[in-house]
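**Q** Submitted below is the structure of interest, expressed as structure tokens.
Listed below in structure tokens is the structure:
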């Protein structure tokens, strides 16, 4: 009994610095966010003025908030699916031996090592209507292209996101492929299984846990998308590509209403909180 009590005390002493660190980095910002959400515009007054639930009512009634949330969800789901499929396909290709494999492998990983903001600046130059390479080439074929064209903007943003982050899915799937025993494939070959059958009935079921983890990580990360879209379109044309992050940023730093921005953040958390246990439960079932 005494030893167990000492072990508990020792565990608490060892965990205390981490708990303190987390409380400073997580609990305190959450407290400030909620406090700010219940206050009025901080830039117009020196003292914090209580606002009650007014900021939350304004957010819920704001069409821009729901438009940004809808676009963010659609964008996150689409890029997660696209990058997952492309990453899986690339992993299958690189799972074979061919000349120049190491060089190409390194080249595929380059985009993910570059900062998203830097990639966005490069994309903006390439897609510029006046000096951009891609619009110039398309114009020669009679195709007028503009990233601010409503017809092309979503497809363009998904494509650019896939260029940078497909390598993330590829790397994780490729690593998972290396853990599959070759004896399984050899047995399937002896039984006369075709390549497509091997993929569907052997590779995919074995990779299901890894694919579920990749999907969850990319979905969460895609939901936080900000810098690339903000640099490229600023949320335009209009507010058609405005993510929830851009909406909160503009509300806080352009409109100058920190209270409303904090209320939007808290509202977002309250909307997603009930869904997270269900999503995590589903991913756990997929992993099993």
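In my numbering, the protein residues as written are 98 to 385. Backbone N, C-alpha and C fix where the C-beta goes; we use that ideal spot for every residue, glycine too. Quick caveat: nothing in here was measured; it's all calculated off a predicted structure.
Going by beta-carbon coordinates alone, are residue 355 and residue 133 separated by less than 8 Å?
**A** Here residue 355 refers to the residue found at position 258 of the chain shown. Here residue 133 refers to the residue found at position 36 of the chain shown. Closer than 8 Å, so yes.
**Q** Could you tell me the distance, in whole angstroms, from the CA atom of residue 186 to the CA atom of residue 289?
**A** As a working note, residue 186 is residue 89 in the chain shown. As a working note, residue 289 is residue 192 in the chain shown. Approximately 23 Å, taken between the alpha carbons.
**Q** In terms of residues, what are the limits of the alpha helix (DSSP H) holding residue 348?
**A** Your numbering for residue 348 matches position 251 in the chain shown. Element bounds for residue 348: n/a, residue is neither H nor E.
**Q** Report the residue ranges of all alpha helix (DSSP H) runs contained in full by the segment 141-186; include only those spanning at least 4 residues, in chain order.
**A** Those alpha helix (DSSP H) runs which fall completely within the segment 141-186 and span 4+ residues are 151-158.
**Q** Could you tell me which of 374, 348 and 378 sits nearest to residue 152, measuring between CA atoms?
**A** To locate residue 152, count along the chain shown from 1; it is residue 55. With distances taken between Cα atoms, residue 152 lies closest to 348.
**Q** Our contact map puts residue 176 next to residue 307 with C-beta atoms below 8 Å; I'd like the distance itself, whole angstroms only.
**A** Mapped onto the chain shown, residue 176 falls at position 79. Mapped onto the chain shown, residue 307 falls at position 210. Not quite, the Cβ-Cβ distance comes to about 18 Å (not below 8 Å), so this is no contact.
**Q** Please tell me whether residue 173 and residue 368 are closer than 8 Å, where the distance is taken between their beta carbons.
**A** Counted from its first residue, the chain shown places residue 173 at position 76. Counted from its first residue, the chain shown places residue 368 at position 271. No.
**Q** What span of residues does the alpha helix (DSSP H) with residue 239 cover, start to end?
**A** For the purposes of this step, residue 239 is taken as residue 142 along the chain shown, with counting starting at 1. Element bounds for residue 239: n/a, residue is neither H nor E.
**Q** Scan the segment 317-356 and note each continuous alpha helix (DSSP H) run of 4 residues or more that stays entirely inside, going in chain order.
**A** If we require 4 residues or more, the alpha helix (DSSP H) runs fully inside the segment 317-356 come out as 324-329 and 341-346.
**Q** Give every residue of the same chain whose Cβ lies closer than 6 Å to the Cβ of residue 166, excluding the five residues on either side of it in the sequence, and list them in chain order.
**A** For the purposes of this step, residue 166 is taken as residue 69 along the chain shown, with counting starting at 1. Closer than 6 Å at Cβ, skipping near neighbours: 341.
**Q** Using DSSP's beta-bridge definition, name the partner residues of residue 136.
**A** Position 39 of the chain shown, counted from the first residue, corresponds to residue 136. In DSSP, residue 136 forms a bridge with 147.
**Q** For the candidate residues 265, 278, 252 and 223, whose alpha-carbon lies nearest to that of residue 208?
**A** Numbered from 1 along the chain shown, position 111 holds the residue referred to as residue 208. Comparing Cα positions, the closest option is 265.
**Q** Kindly indicate which three-state DSSP category residue 245 falls into: helix, strand or coil?
**A** Numbered from its first residue, the chain shown carries residue 245 at position 148. Three-state DSSP puts residue 245 in coil, outside helix and strand.
**Q** Can you grab the Cα-Cα spacing for the pair residue 314 / residue 371, in whole Å?
**A** Within the chain shown, residue 314 is the residue found at index 217, counting from 1. Within the chain shown, residue 371 is the residue found at index 274, counting from 1. So the two alpha carbons sit approximately 18 Å from each other.
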